[in-house]
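What follows is one structure encoded as C-alpha cells, with my remarks underneath.
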Amino acid sequence: MTIVDQAIGHDADLAAAEAGYAAARQARPIARAALLPRIDGGWGRGYNRIANQGYTPVAYWQSGWTVSLSQPLFDWARWTGYQQADLVEAQGALTYADARQSTILRAAQAYFDELAAEDELQRATDYLAAVGTQIEELQRRRAAGDATLIDLREADALSQQAQLQQLDATSALHLKRQALELATGQPFTPLSRLAATPVRPRLEPADLDSWVGQASGQGYAVQLKQLDWQIAKLDVSKARAAHYPVVNLQAGYTPAGAASGYARPTTTTTAMLTVTIPLFSGGEIQARLRQSFAQRDQAEDAAESAARQAGAAARDAYTRFTSGLTRTDLLARITQSSRDALAATRIGYRVGSRTSTDVLRATDTLYTNQRDLLRARYDTILALLQLKAQTAALNVDEVAAINAQLAVAAPGSAVPPASGRGDAATAAH
C-alpha cells in the first residue's frame, strides 16, 4: 500500500466528505418526491352519542378507514427546488473531490517533508564528521608544533555549531515522522528514496497563463463558489414563487362501518382542485425576495473573489516552481564549486599555503550550500504539487507521474545531495 493510499483510507475528514456526498446524492430523489403524488391511508374508530329533544339518546361505536391522494399541479417553489437538487448533488461531489485532493496533497507533503528531514540530518551528520576530521588533524599538528590553540578553539566552536545543527535536524526528523504517521495511520517504516541526483520535474503546459486560467476556472474552490451562485439565483426564483398561485389536486375515499343498530354503512368519495393565492403576508414575501437578491449578489462576488484568489495562488506556485528549478541548478553548481574549493583548500593547507581557518570556512560553505540545495529541491517539488492542486489536477495518477519523473536521475547533474534517493511519494513502504 502506498503512502497516498494509506492516507486516503485513514483520513477522517475525507470519510466525512464522502458521507456528505452520500447525503447530497439524496437531494434529487427528495426534490422529485415533492412533485409526485402523495397517497396516505388511515383507520379510525370513534364513539358517537346523539341526543335529540323528545327522543332517547343514542350512543354507538363506529369504525372506518380512509385513503387520500394529493398531487401538486403547479408549485413553482417545488419545481425550483427540483432544479436546485442537481446543483446540491454536484456540490457534494466537488466537496468530496476537494477533500480527496487535500488528502493526497497532505500525504505527499508529509512524505517529502520526512525525506527532506532525513537528508538534512544526513547533511548535518556529515558536516559534524568533516569538522571532527579537521579537529583531529589540528590536534596532530599541534602536538607536532604546527598548529595553535586558537586554531583548535575555532574548530571547536564550529564543531559545537555542527552539533547544534545535528540536534535540530534530529528533532525535526522525529516531528516529520510523527506527522507522516498521523497522515497514514500507520507506524513509520523506512521510505523509498528519490533519485540520487537533483532532477527537473516537467511542467505541461509550460506557460503561466494556462495554469492561471485553469485555476481561475477549474479550481475546486472556484467551482464550489460558482455552484453557490447558481443555487442563489434559483433561490431568487423560489422567492418569487411566493407570489404565484399553488394548484393541487386532492382526492379521498372513506368507507365507514355501520353503527350497530343505528346507521347504515356510509362511503365518502371526494375530489377537489384547490388553488391557493397569496393575498397578504405582512411584507414577508417582499422581504424574502430582497434578501434573495442580496444573497445572489453576495454569491456572485464570492465566486469572482475565489477565481481571483485561485489565479493568484496558481501564479505564486508557478513562480516558486520555475524559480525553484533555476535555484536548484545554480545551487548544484555552487555546491560543486564549493566542493572543489574545499579540496583545493585542503591541499593548500597540507603544503602550508592555507590556514586551518580557511579549511573550516570552506567546509562550512560547502555544507551550507548543500543545505540550501536540499531545501530548494524539496520546495520545488512541493510547489509543483501545490500548482497541480490549484487547478484541481492533483490525483493519484498525477502523483505517480511526478514520482516517475523524480525516480530518474537527471543526466549530467553536477552534485548529488547529502544522501542517495531512489523512489518518490507513491513508492511503497
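Basically the working numbering = 1-based index in the sequence shown + 32. Heads up, the beta-carbon is just placed ideally off N, CA and C, and yes, glycines get one too.
Simplified DSSP assignment, three categories, for residue i
i, result
"R382", "helix"
"R453", "Unreliable placement is indicated for R453, whose pLDDT of 40 sits below 50; the coordinate value is still reported in the next sentence. Residue state, collapsed to three classes: coil."
"D239", "coil"
"D329", "helix"
"F220", "coil"
"Y410", "helix"
"T301", "strand"
"N401", "helix"
"Y276", "coil"
"Q85", "coil"
"F106", "strand"
"Q422", "helix"
"V440", "Low local confidence applies: a pLDDT of 42 at V440 is under 50, so the model's placement there is unreliable, with the coordinate-based value given in what follows. V440: coil per DSSP, three-state reduction."
"A290", "Low local confidence applies: a pLDDT of 49 at A290 is under 50, so the model's placement there is unreliable, with the coordinate-based value given in what follows. It is coil, neither helix nor strand."
"R70", "strand"
"T180", "coil"
"G78", "strand"
"V205", "Reading the sequence as shown, one finds Leu at residue 205 and not Val. Reduced to three states, the DSSP call for L205 is helix."
Residue nearest to residue i in terms of C-alpha spacing, selected from the options
i, options, result
"Q197", "T157, A187 and T299", "T157"
"A238", "S370, R155, L190 and Y350", "Y350"
"Q218", "Y143, P89, M304 and W261", "Y143"
"A394", "R386, L374 and G380", "L374"
"A415", "S324, R138, A122 and G73", "R138"
"S100", "R81, W93 and T286", "T286"
"V391", "L199, T165 and L226", "T165"
"D118", "A271, S95, A161 and R57", "R57"
"S324", "V268, Y87 and H275", "V268"
"A303", "L281, A339 and R322", "L281"
"A162", "D411, A122, S388 and E430", "S388"
"Q210", "W243, D145 and D200", "D145"
"L363", "R409, P222, E50 and A335", "R409"
"A54", "G73, I35, Q85 and G124", "G124"
"Q246", "A339, A44 and D45", "A339"
Short Cβ contact (9 Å threshold) for residue i with residue j
i, j, result
"L256", "Q116", "no"
"L153", "L205", "yes"
"T216", "A39", "yes"
"G78", "S95", "yes"
"A433", "Q250", "no"
"Q437", "R225", "no"
"L160", "S203", "no"
Where residue i falls, given that 16 or more other Cβ within 10 Å makes a residue buried
i, result
"A194", "buried"
"G177", "exposed"
"V383", "exposed"
"F106", "exposed"
"A460", "Any reading at A460 must be qualified, since the residue scores a pLDDT of 36, below 50, and its modelled position is unreliable; no value is offered."
"E168", "exposed"
"E186", "buried"
"I366", "buried"
"G293", "Low confidence applies here, because G293 scores a pLDDT of 48, under 50, leaving its location unreliable and the question unanswered by this model."
"T301", "exposed"
"L126", "buried"
"R155", "buried"
- Message: Check whether the region 400 to 415 and the region 342 to 361 touch, using three or more Cβ-Cβ pairs below 8 Å as the test.
- Response: Contact between the region 400 to 415 and the region 342 to 361 is present: three or more C-beta pairs spanning the two stretches fall below 8 Å.
- Message: With three or more beta-carbon pairs closer than 8 Å as the criterion, would you say the region 62 to 77 touches the region 104 to 118?
- Response: Contact between the region 62 to 77 and the region 104 to 118 is present: 3 or more CB-CB pairs across the two stretches fall below 8 Å.
- Is there contact between the region 332 to 352 and the region 417 to 434, where contact requires at least three CB pairs shorter than 8 Å? These segments touch.
- Touching by the beta-carbon criterion (3+ pairs, under 8 Å), the region 306 to 326 and the region 118 to 136: The region 306 to 326, when compared against the region 118 to 136, does not touch it at the 8 Å Cβ threshold.
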